[in-house]
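Here's the structure we're looking at; comments come further down.
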Amino acid sequence: MKEINFSLWCDFLERDFINSEFIELIQNGTINGATSNPSIFKNAICNSKAYSELKEKFGKKDTKKLYEILATNDIKMAASKMLINYAKGDDGFVSIEVDPNLTLASDIIEEGKRLYNAIKMPNVMIKIPAISSGFEAMSELMKKGINVNATLIFSKDQAQNCLDAFKEGIKKYSKRFPQTTLPQGVISVFVSRFDRMLDEQLNQKAKFGIYNATNIYNQIQNANQSNVRTLFASTGVKGSNLPAHYYIKELLYPNSINTAPLDTIKAFMASGDFAPKALPSSDEISAFMLNAQESGVDYNRVCAQLLDEGLEAFVAAFDEILTSLS
Numbered sequence: 001m002k003e004i005n006f007s008l009w010c011d012f013l014e015r016d017f018i019n020s021e022f023i024e025l026i027q028n029g030t031i032n033g034a035t036s037n038p039s040i041f042k043n044a045i046c047n048s049k050a051y052s053e054l055k056e057k058f059g060k061k062d063t064k065k066l067y068e069i070l071a072t073n074d075i076k077m078a079a080s081k082m083l084i085n086y087a088k089g090d091d092g093f094v095s096i097e098v099d100p101n102l103t104l105a106s107d108i109i110e111e112g113k114r115l116y117n118a119i120k121m122p123n124v125m126i127k128i129p130a131i132s133s134g135f136e137a138m139s140e141l142m143k144k145g146i147n148v149n150a151t152l153i154f155s156k157d158q159a160q161n162c163l164d165a166f167k168e169g170i171k172k173y174s175k176r177f178p179q180t181t182l183p184q185g186v187i188s189v190f191v192s193r194f195d196r197m198l199d200e201q202l203n204q205k206a207k208f209g210i211y212n213a214t215n216i217y218n219q220i221q222n223a224n225q226s227n228v229r230t231l232f233a234s235t236g237v238k239g240s241n242l243p244a245h246y247y248i249k250e251l252l253y254p255n256s257i258n259t260a261p262l263d264t265i266k267a268f269m270a271s272g273d274f275a276p277k278a279l280p281s282s283d284e285i286s287a288f289m290l291n292a293q294e295s296g297v298d299y300n301r302v303c304a305q306l307l308d309e310g311l312e313a314f315v316a317a318f319d320e321i322l323t324s325l326s
């Protein structure tokens, strides 16, 4: 997969895992990056005993500060383990998301800088939702030389706004720091949620997410921004008779990343089928999307609904973390 610059990132972090199996996955070349989000940290912090000592030590902190201590410690540990990949130019990035309750660009920027400075690792990405204030924050963090993971992308319009924000930030960064390594950006395109919503309506099995993600992948590739790649997210299979690694295999495209749950990655590796996937043609994608529209799918409405649901889920998970820590 290295020959086509395809990467697998692990969509899971937890303290005991980082100090055990995570290391093995890096050393055997299975993964070369990792991502986190409020839902992942909720499951880790609320359910794992590995955080008891730090909770005890910093328990008198306010709950958000305590969360940040726990989360940034995990991210720093994971980034340290990934540093050898980063040094070799083999990705090695680890993402941490800003508080999803933040809606003002100034607040997102302030928190993004604070998290990045607290972790103090060059291979950390600050994860920002692709909303109007988020685009401004993405540009400002890129301007500061901070790597950005733009998340919750469902539509081509969102992806274009991310590309524009990255381009503007990089232009300002390059003016200030010419001939230096550019900060990196990924545009996280969510896939499987479309299919869980639309499969029954379209009488199709897990196709809409693939075609939409491919459309956005082509858009990003055609932008020719050397420091920006497509990251396929939401690639786990839930409640389906599809193979567990379906969304990895179907989106095994050049110069792309797939961040997947641990079980999904293991299923993909066990399959032994690592041949690059041929991209569907533009005509094939257009015909499918037209058929979906004729079947009553309002693309913009669906994208907006999925974005709202994604934001709400992250807010709920984040708030649950803070409640548990209180």
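Residue 1 is where the sequence shown starts when you use my numbering, and the numbers rise one by one after that. The beta carbon of each residue, even a glycine, is placed where N, CA and C say it ideally should be. All figures in this text were calculated on a predicted structure; none of them were measured in a lab.
Between the Cα of T323 and those of V302, K65 and S7, spot the shortest distance and give me the residue it belongs to.
-> To locate residue 323, count along the sequence shown from 1; it is residue 323. Checking every option, the nearest Cα to that of T323 belongs to K65.
Consult DSSP for G169 and reduce its assignment to one of helix, strand or coil.
-> One-based indexing of the sequence shown puts residue 169 at position 169. The three-state reading of DSSP puts G169 in helix, counting H, G and I together.
Exposed or buried, what is F274 when buried is set at 16 or more other beta-carbons lying within 10 Å of its beta-carbon?
-> The sequence position of residue 274 within the sequence shown is 274, counting from 1. That one is exposed.
Does DSSP put A244 in a helix, a strand or coil?
-> Locating residue 244 in the sequence shown gives position 244, where the first residue counts as 1. Taken through DSSP and simplified to helix, strand or coil, A244 comes out as coil.
Return helix, strand or coil for S234, following the three-state DSSP convention.
-> Position 234 of the sequence shown, counted from the start, is the residue given in the question as residue 234. The three-state secondary structure of S234, taken from DSSP, is coil.
Give every residue of the same chain whose Cβ lies closer than 6 Å to the Cβ of T63, excluding the five residues on either side of it in the sequence, and list them in chain order.
-> For the purposes of this step, residue 63 is taken as the residue at position 63 of the sequence shown. Beyond the five residues adjoining it in sequence on each side, T63 comes within less than 6 Å, by CB distance, of L322, L325 and S326 in the same chain, given in chain order.
4 or more residues per run - each alpha helix (DSSP H) lying fully within the region 245 to 273 | Complete alpha helix (DSSP H) runs here, min 4: 246 to 250 and 262 to 271.
Using a Cβ-Cβ cut-off of 7 Å (strictly less than) and excluding sequence neighbours within five positions of L252, which residues of its own chain qualify?
-> The residue labelled residue 252 in the question sits at position 252 within the sequence shown. Within its own chain, the residues whose Cβ lies closer than 7 Å to the Cβ of L252, once the five positions on either side in sequence are excluded, are F6, P276 and K277, listed in chain order.
Start-end ranges of the beta strand (DSSP E) lying completely within the region 3 to 56, minimum 3 residues = DSSP runs (the beta strand (DSSP E)) wholly in the region 3 to 56: 7 to 10.
Identify every residue that forms a DSSP beta bridge with S188.
-> Here residue 188 is taken as the residue at index 188 of the sequence shown, counted from 1. The partner list for S188 (beta bridge, DSSP) reads L231.
Return the CA-CA distance between P280 and T214, expressed in angstroms with no decimal places.
-> Position 280 of the sequence shown holds residue 280. Position 214 of the sequence shown holds residue 214. Computed Cα separation, rounded: 8 Å.
Examine the Cβ distances between the region 292 to 305 and the region 201 to 212 and report whether three or more of them are shorter than 8 Å.
-> Judged by Cβ distances under 8 Å, the region 292 to 305 makes contact with the region 201 to 212, as three or more pairs qualify.
Out of curiosity, what's the CA-to-CA distance linking N147 and R114?
-> The count along the sequence shown starts at 1 and reaches residue 147 at position 147. The count along the sequence shown starts at 1 and reaches residue 114 at position 114. Their Cα atoms are separated by approximately 13 Å.
Coil, strand or helix - V94 by DSSP | What you label residue 94 is simply residue 94 of the sequence shown in a count that begins at 1. Reduced to three states, the DSSP call for V94 is strand.
Pairwise C-alpha distance: L104 and N212 = For the purposes of this step, residue 212 is identified with residue 212 of the sequence shown, where counting begins at 1. For the purposes of this step, residue 104 is identified with residue 104 of the sequence shown, where counting begins at 1. Approximately 29 Å between the Cα atoms of the pair.
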